[in-house]
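Novice: Going by our numbering, the sequence shown wraps up at 407, each residue one higher than the last.
Got a structure for you, questions after.
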Amino acid sequence: MRKTKMIGNALAFTCMVSVLTVVAASAQDAAPARSQSIGLTEIDGRTWLITPDGKPFFAHGITHVTNRSLSKDYGAVSKACKDLGFNAYGYGCPPELKKDMPYVEGRNYVPISMYRSKGGSFRFIDIFDPQVQQRLATQVKQTCLQNRDNPNLIGYYWTDLGAWPLKNSIGKNWVDFTRDLPADAPGRKAYDEFVNIWNGDDAQARDLAFLRLIAREYFRVMGEANRKHDPDHLIFGERFAFNTIVPEVLEELVPWVDAIAIQPPFQPGFPEAKYQEIHELTGKPILICDFAIRFQDGDKSIRGWKLQEDARTAGVEYAKYIHAALVTPYIIGAFWCNPIDSTGAFNKGGGLKQGLFGDELAPRPGLSEAVIELNRHIAKITPDRTNAPGN
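Below, the structure is given as structure tokens:
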């Protein structure tokens, strides 16, 4: 297993909770030992991704290449991405392209993503239930078996933009759900045991403490399964937006991941202070897992925050953002959200989800040139050295 720095939980407390274990899989289910995988390295005080043959790189590419609006001519997709100088694919990479360039594998394991609320598929789960834990562990195993032998695999994401805060736009939280379970449910029993030893009359502090235990159990189940079935690839774990981060939850994730996946707001202006705060809290590198600068495009209704006046302006602002990310010592990659225009998933309204390319993967004047120059800059500043593990 790759060694990564871990930090303690600054706000951790001790309490008695029933120990619930995942049913063990047979010995042959465990991942075989492998050393040739993409990892992390530090060069001159900066963290970089590094290929199995020892070449550092900053991952830069596009998510959602499985976009339903996209034709299945993945050769054209590959050419379009490489023509702009991209070197990786984000989550949503189709099997046809997983041999093309490095990619990150992502799957939503629990239906708590904030954007699911309008489609009716949102729900919390009883994470203390051994049967639920076994189901999750089996799903993680399936993902690992499908990807772990691919030398292009960078690592794994888990659930996207979960409704972690006790107060959020969904109006529901995982603590209330668990507290309202039937008395004989594993989660309700865990909550009752917790309350019996809880000291204090601050209801919010109590609920936050129990949310920490929910996160601890969930990340343990996911982390143990991911490490068992693929101990050699990087784990990014949950994908967070700034408004879904709860420090106590993030702290519980830290022991199980190699880097933190962040989807920042889609707007100009690099939020350096926020990234720095996350990095200092976790002690981990950061991967910008999904990001874009949206812009006006004729009479299209584009979903986004204060659209830029045109593609050229969006390109300028996007390049500034990634240039700033490169200046940090800890951001290891970034992925543009969506290759071409598409409608929202989960019955989410609000217009089109704008893509980097125009119709038929046509380059967007101004934006494409900015991305090409940006990728040239990334290549120029990337250390030209071989530093393979064991060399």
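Every residue gets a Cβ at the ideal spot worked out from N, C-alpha and C, and that includes glycine.
Computed from a predicted model, the values in this text were never measured in an experiment.
Counting only runs that start and end within the stretch 73 to 100, where is the alpha helix (DSSP H) found for 4 or more residues in a row?
Specialist: Within the stretch 73 to 100, the complete alpha helix (DSSP H) runs of at least 4 residues are 90 to 99.
Novice: Looking at the secondary structure, which residues open and close the beta strand (DSSP E) in which GLY122 lies?
Specialist: Sequence index remark: in the sequence shown, residue 122 carries index 106 (1-based). Here the beta strand (DSSP E) through GLY122 covers 119 to 122.
Novice: Distance check for ASN242 and LYS157, CA to CA, integer angstroms please.
Specialist: Start at 1 with the first residue of the sequence shown, and residue 157 comes out as number 141. Start at 1 with the first residue of the sequence shown, and residue 242 comes out as number 226. C-alpha separation (whole angstroms): 7 Å.
Novice: Between LEU227, ILE186, HIS249, which lies nearest to ILE66 when the distance is taken from Cα to Cα?
Specialist: Reading the sequence shown from its first residue, position 50 is the one you call residue 66. Of the listed residues, the one whose Cα sits closest to ILE66 is HIS249.
Novice: By Cβ distance below 6 Å, which residues in the same chain neighbour PRO181 in space, the five residues on each side in sequence not counted?
Specialist: Along the sequence shown, read from residue 1 onward, the residue named residue 181 stands at position 165. Excluding positions up to five away in sequence, the list reads VAL262.
Novice: Put ILE143 into one of helix, strand or coil per three-state DSSP.
Specialist: The residue labelled residue 143 in the question sits at position 127 within the sequence shown. ILE143 falls in the coil class under three-state DSSP.
Novice: Drop a sphere of 10 angstroms on the beta-carbon of GLN220, count the other beta-carbons inside from all chains shown, and report buried for 16 or more, exposed for fewer.
Specialist: As a working note, residue 220 is residue 204 in the sequence shown. GLN220 comes out exposed.
Novice: Is VAL325 helix, strand or coil by DSSP?
Specialist: As a working mapping, residue 325 is identified with position 309 in the sequence shown. Checking the sequence shown, residue 325 turns out to be Glu, not Val. Coil at GLU325, not helix or strand.
Novice: In chain order, what residues of the same chain lie with their CB nearer than 7 Å to the CB of ILE309, ignoring the 5 residues before and after it?
Specialist: Looking up residue 309 in the sequence shown gives position 293. Result list for ILE309: PHE282, PRO284, GLN324, ALA330, GLU333, TYR334, in chain order.
Novice: Would you mind sorting PRO167 into buried or exposed? The rule is 16 or more other CB atoms within 10 Å of its CB.
Specialist: Mapped onto the sequence shown, residue 167 falls at position 151. The residue is exposed, with fewer than 16 neighbouring Cβ atoms inside 10 Å.
Novice: Measure the alpha-carbon distance for GLU438 versus ILE388 and round it to whole angstroms.
Specialist: Any answer about residue 438 is impossible in this case: the structure gives the chain only from 17 up to 407.
Novice: Less than 7 Å between CB atoms is the rule here; does ILE278 satisfy it with respect to chain B?
Specialist: No chain B is present in this structure, which holds just one protein chain.
Novice: Quick test of the definition: if touching needs 3 or more C-beta pairs under 8 Å, does the stretch 263 to 281 touch the stretch 185 to 193?
Specialist: No, the stretch 263 to 281 does not touch the stretch 185 to 193.
Novice: Under 8 Å by Cβ, that's how I've got THR159 and ARG132 pegged, so tell me the actual separation to the nearest angstrom.
Specialist: For the purposes of this step, residue 159 is identified with residue 143 of the sequence shown, where counting begins at 1. For the purposes of this step, residue 132 is identified with residue 116 of the sequence shown, where counting begins at 1. No, THR159 and ARG132 are not in contact; Cβ-Cβ is about 20 Å, not under 8 Å.
Novice: Is the Cβ-Cβ distance between GLY178 and ILE128 less than 7 Å?
Specialist: Position 162 of the sequence shown, counting from 1, holds the residue named residue 178. Position 112 of the sequence shown, counting from 1, holds the residue named residue 128. Yes, the Cβ-Cβ distance between GLY178 and ILE128 is below 7 Å.
Novice: Using the rule of at least 16 other Cβ atoms within 10 Å of the residue's Cβ for burial, across every protein chain shown, is TRP321 buried or exposed?
Specialist: As a position in the sequence shown, residue 321 is number 305, starting the count at 1. Flag for TRP321 reads exposed.
Novice: Between which residues of its own chain and ALA41 is the CB-CB distance below 6 Å, once the five residues before and five after are set aside?
Specialist: Against the sequence shown, residue 41 aligns to sequence position 25. Below a pLDDT of 50, predicted positions are generally treated as unreliable, and ALA41, at 37, falls in that range; no measurement from the model is reported.
Novice: Where TYR107 and ASN212 are concerned, what is the direct C-alpha to C-alpha distance, given to the nearest angstrom?
Specialist: Here residue 107 refers to the residue found at position 91 of the sequence shown. Here residue 212 refers to the residue found at position 196 of the sequence shown. Straight-line Cα distance between these residues: approximately 42 Å.
Novice: Grab me the residues of ASP357's own chain with a C-beta within less than 6 Å of its C-beta, minus the 5 sequence neighbours each way, in chain order.
Specialist: Mapped onto the sequence shown, residue 357 falls at position 341. Cβ neighbours of ASP357 beyond the five flanking positions: LEU368, GLN370, GLY371.
Novice: Out of curiosity, what's the CA-to-CA distance linking THR82 and SER94?
Specialist: As a working mapping, residue 82 is identified with position 66 in the sequence shown. As a working mapping, residue 94 is identified with position 78 in the sequence shown. Going by the C-alpha atoms only, they are around 12 Å apart.
Novice: Enumerate in chain order the residues of its own chain whose CB-to-CB distance from ALA395 is below 8 Å, with the five nearest sequence positions on each side excluded.
Specialist: For this step, residue 395 is matched to residue 379 along the sequence shown. Contacts found: GLY101.
Novice: Helix, strand or coil: which one does DSSP assign to TRP64?
Specialist: For the purposes of this step, residue 64 is identified with residue 48 of the sequence shown, where counting begins at 1. It is a strand residue.
Novice: Comparing alpha-carbon positions, which option in GLY253, PRO280, GLU240, ASP246 lies nearest ASN259?
Specialist: Counted from its first residue, the sequence shown places residue 259 at position 243. Selected option, being the one with the closest Cα: PRO280.
Novice: Would you list the residues sitting across from GLU58 in a DSSP beta bridge?
Specialist: For the purposes of this step, residue 58 is taken as residue 42 along the sequence shown, with counting starting at 1. Beta-bridge pairing links GLU58 to THR63.
Novice: List the DSSP bridge partners of PHE256.
Specialist: Within the sequence shown, numbered from 1, the residue matching residue 256 stands at position 240. PHE256 is bridged to ILE278.
Novice: Could you give the distance in angstroms between the alpha-carbon of LEU414 and the alpha-carbon of VAL265?
Specialist: Because residue 414 is not part of the residues shown, which for the chain are 17 to 407, the question remains open.
Novice: Less than 7 Å between the C-beta atoms of PHE351 and THR154, yes or no?
Specialist: In the sequence shown, the residue the question calls residue 351 occupies position 335. In the sequence shown, the residue the question calls residue 154 occupies position 138. For PHE351 and THR154, no; Cβs fall outside 7 Å.
Novice: SER129 bridges to which residues according to DSSP?
Specialist: Along the sequence shown, read from residue 1 onward, the residue named residue 129 stands at position 113. Answer is GLY178.
Novice: Per DSSP, what kind of secondary structure is ASP246 in: helix, strand or coil?
Specialist: The residue given as residue 246 occupies position 230 in the sequence shown. Coil.
Novice: I'd like the list of long-range same chain contacts for HIS76, defined as Cβ closer than 7 Å, with 5 residues on each side in sequence excluded.
Specialist: Within the sequence shown, the letter at position 60 stands for residue 76. If we look at HIS76 and ignore the five residues flanking it on each side, its Cβ neighbours are PHE102, ASN103, ALA104, GLY349, ALA350, ASN391, ILE394.
Novice: Helix, strand or coil for GLY106 per DSSP?
Specialist: Locating residue 106 in the sequence shown gives position 90, where the first residue counts as 1. GLY106: coil per DSSP, three-state reduction.
Novice: When the Cα of ALA386 is compared with those of ASP400, CYS353, ILE338, LEU377, which residue comes out closest?
Specialist: Here residue 386 refers to the residue found at position 370 when the sequence shown is read from its first residue. When only C-alpha atoms are compared, the closest one is ILE338.
Novice: Can you tell me whether MET17 is helix, strand or coil according to DSSP?
Specialist: Residue mapping note: residue 17 aligns to position 1 of the sequence shown, counting from 1. Caution is warranted here: a pLDDT of 36 is assigned to MET17, below 50, making its placement in the model unreliable, and no coordinate value can be reported.
Novice: From the DSSP output, read off the bridge partner residues of CYS353.
Specialist: Taking the sequence shown and counting its residues from 1, one reaches residue 353 at position 337. In DSSP, CYS353 forms a bridge with THR79.
Novice: Which value, in whole angstroms, describes the spacing of the CA atoms of TYR125 and GLY382?
Specialist: Within the sequence shown, numbered from 1, the residue matching residue 125 stands at position 109. Within the sequence shown, numbered from 1, the residue matching residue 382 stands at position 366. C-alpha separation (whole angstroms): 38 Å.
Novice: Is PHE311 helix, strand or coil when you go by DSSP?
Specialist: Looking up residue 311 in the sequence shown gives position 295. Residue state, collapsed to three classes: strand.
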